[in-house]
Structure formats: structure tokens, C-alpha cells
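**Student:** Here the sequence shown is numbered in the working numbering, starting from 324 and rising by one per residue.
We put the beta carbon where it would ideally sit given N, CA and C, even for glycine.
Have a look at this one.
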Amino acid sequence: MSLDFHPTKEDLICSNDSNGEIRIWSITNGSCPKVLEGGTVQVRFQPRTAKYLAAASETVVNIIDVETFRINQQLQGHAQKLHSVCWDPSGEFLACVSEDLVKVWRVDNSGKWQPIHDLNCNGNKFNTCVFHPVYSSLLIIGCYQNLELWNMVENKTMTLLAHEGQITSLAVSSVTGLVASASHDKCVKLWK
């Protein structure tokens with residue numbers, strides 16, 4: 324189950340559950356005017372415009388048009404269950420993470436999402452991801468004990484020993500440029 328606030332409408336929040344139901348809620352009155360099937364893992368609004376909602380379910384990411392609340396496209400290509408999805412700060416790129424693969428997508432001129440970068444697991448089991456808040460071509464991937472830094476432009480990676488357990492969550496601050504990582508080792512670490 325996950326939650327995400329709408330980036331431009333203060334009254335809306337989105338949730339999903341293990342049954343695959345995606346709901347858009349009114350914070351003001353608690354009503355749930357929209358329900359759709361299609362997201363068991365995670366939901367994330369596209370930053371800035373919120374034109375799309377990315378909803379991960381099993382091995383597919385559903386791209387949902389927020390206005391019509393209909394699935395616009397299904398992004399496929401993962402053989403294993405998805406763990407995480409994230410948008411870059413501009414909302415131009417979407418990254419999807421399964422244990423063995425990271426795929427980065429971008430919408431083309433015709434409005435269709437196309438895969439533009441793939442990173443296969445080199446032994447680090449991928450779990451979560453965020454785009455760096457300052458360097459938009461740098462994707463940070465949380466693995467077992469390690470952070471994998473992937474420069475997508477140069478297609479180079481660097482591995483940092485970060486924790487003593489599975490990294491379960493990453494967060495970024497566009498204000499400070501900090502990245503936070505949380506792990507099963509019961510630690511939260513800040514990175515600059």
C-alpha cells in the first residue's frame with residue numbers, strides 16, 4: 324500500500340491497496356470520488372503537472388490519465404515483480420525497479436511512453452529508487468546494504484556500501500539537495 328499527494332491540488336491524495344484498488348480521496352471531506360483497478364505496489368503522481376499517475380502492479384506499470392482516470396498505457400518489460408516507481412523532479416522521466424532490472428521511460432512526441440534506459444542487476448538486488456534532486460540524470464537505487472548510483476547519460480554505475488541491511492526507502496529534498504536512505508538495520512542516513 325502506498326500514498327501520494329497531488330502536486331498541485333491541495334485537497335487530493337491517492338492511495339492503493341493489496342487488492343489493486345487505486346483511490347483518489349478528497350482531504351477536505353473524506354470522499355472517494357474515483358476508484359480504479361491497477362496498482363498493488365505503489366502509486367506516484369507525475370510532479371508539477373500531475374497529468375499522469377504511475378501505478379505499479381506485479382510486473383506492469385499502469386500510466387493513468389488523472390483527468391479521465393483511465394489507463395493510458397501499460398509499461399511492460401519486467402520479468403520479476405516491481406518494487407518501486409519514481410518520477411524525476413520535472414516529471415519527464417519515470418523509473419521502475421524490480422529485483423533484477425531498472426527501466427527508465429520517457430513519453431515521446433506521439434504521447435506514448437518508450438523505454439530509454441535499462442540497468443540490469445550486477446548482484447545487488449534492487450529494491451527502491453529516487454532521482455537525485457540536483458543531478459537529474461543520476462538515479463539512486465537502494466539495494467541490499469548498498470546504494471547504486473547510476474549516471475544514465477554515461478551509463479556508468481558506482482556502488483556505495485551504505486547500510487547493514489536491505490535499503491527499504493529513499494527520499495530526496497529539492498531544497499537541500501540531500502538524499503535520505505532507510506534500512507532494515509534500523510538506521511536512516513543522509514547523503515549529500
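With residue 508 as the anchor, note down where its beta strand (DSSP E) starts and where it stops.
**Tutor:** Taken as a continuous stretch (DSSP letters only), residue 508 belongs to no beta strand (DSSP E), as it is neither H nor E.
**Student:** Suppose contacts are defined by Cβ-Cβ distances below 7 Å. Is residue 421 in contact with residue 401 by that definition?
**Tutor:** yes
**Student:** For the beta strand (DSSP E) containing residue 413, list its first residue and its last residue.
**Tutor:** Looking at the DSSP string, residue 413 is not in any beta strand (DSSP E), and its letter there is neither H nor E.
**Student:** Would you say residue 408 and residue 377 are within 7 Å of each other, going by their C-beta atoms?
**Tutor:** yes
**Student:** Report the start-end ranges of each beta strand (DSSP E) in the region 403-479 that is 3 residues or longer and not cut off at the edges.
**Tutor:** 405-410, 416-421, 424-430, 436-443, 451-454, 461-465, 467-474
**Student:** Suppose you measure from the CA of residue 487 to the CA of residue 449; what does that come to, to the nearest Å?
**Tutor:** 15 Å
**Student:** Mind checking residue 340: buried by the 16 CB within 10 Å criterion, or exposed?
**Tutor:** exposed
**Student:** Within its chain, find whatever has a CB closer than 7 Å to the CB of residue 471; leave out the 5 residues flanking it on each side and keep chain order.
**Tutor:** 447, 464, 480, 482
**Student:** Spatial neighbours of residue 404 within its chain, please: C-beta separation below 8 Å, excluding the five flanking residues on both sides.
**Tutor:** 364, 381, 382, 421, 422
**Student:** With residue 504 and residue 514 assumed to form a contact (beta carbons below 8 Å), what rounded beta-carbon distance in angstroms separates them?
**Tutor:** So it is a contact: roughly 7 Å between Cβ atoms.
**Student:** According to DSSP, what are the bridge partners of residue 325?
**Tutor:** 339
**Student:** Starting from residue 373, trace the beta strand (DSSP E) both ways and give me its first and last residue.
**Tutor:** Taken as a continuous stretch (DSSP letters only), residue 373 belongs to no beta strand (DSSP E), as it is neither H nor E.
**Student:** Using 7 Å as the threshold, is the C-beta distance between residue 456 and residue 500 below it?
**Tutor:** Yes, these two residues count as a Cβ contact at 7 Å.
**Student:** How is residue 491 classed by DSSP in three states: helix, strand or coil?
**Tutor:** strand
**Student:** Would a C-beta distance cut-off of 7 Å place residue 350 and residue 327 closer than the cut-off?
**Tutor:** no
**Student:** Of all the options 369, 362, 338, which has the alpha carbon lying nearest to the alpha carbon of residue 331?
**Tutor:** 369
**Student:** Determine whether the beta carbon atoms of residue 385 and residue 397 lie at a separation below 7 Å.
**Tutor:** Yes, the pair counts as a contact, with Cβ atoms nearer than the cut-off.
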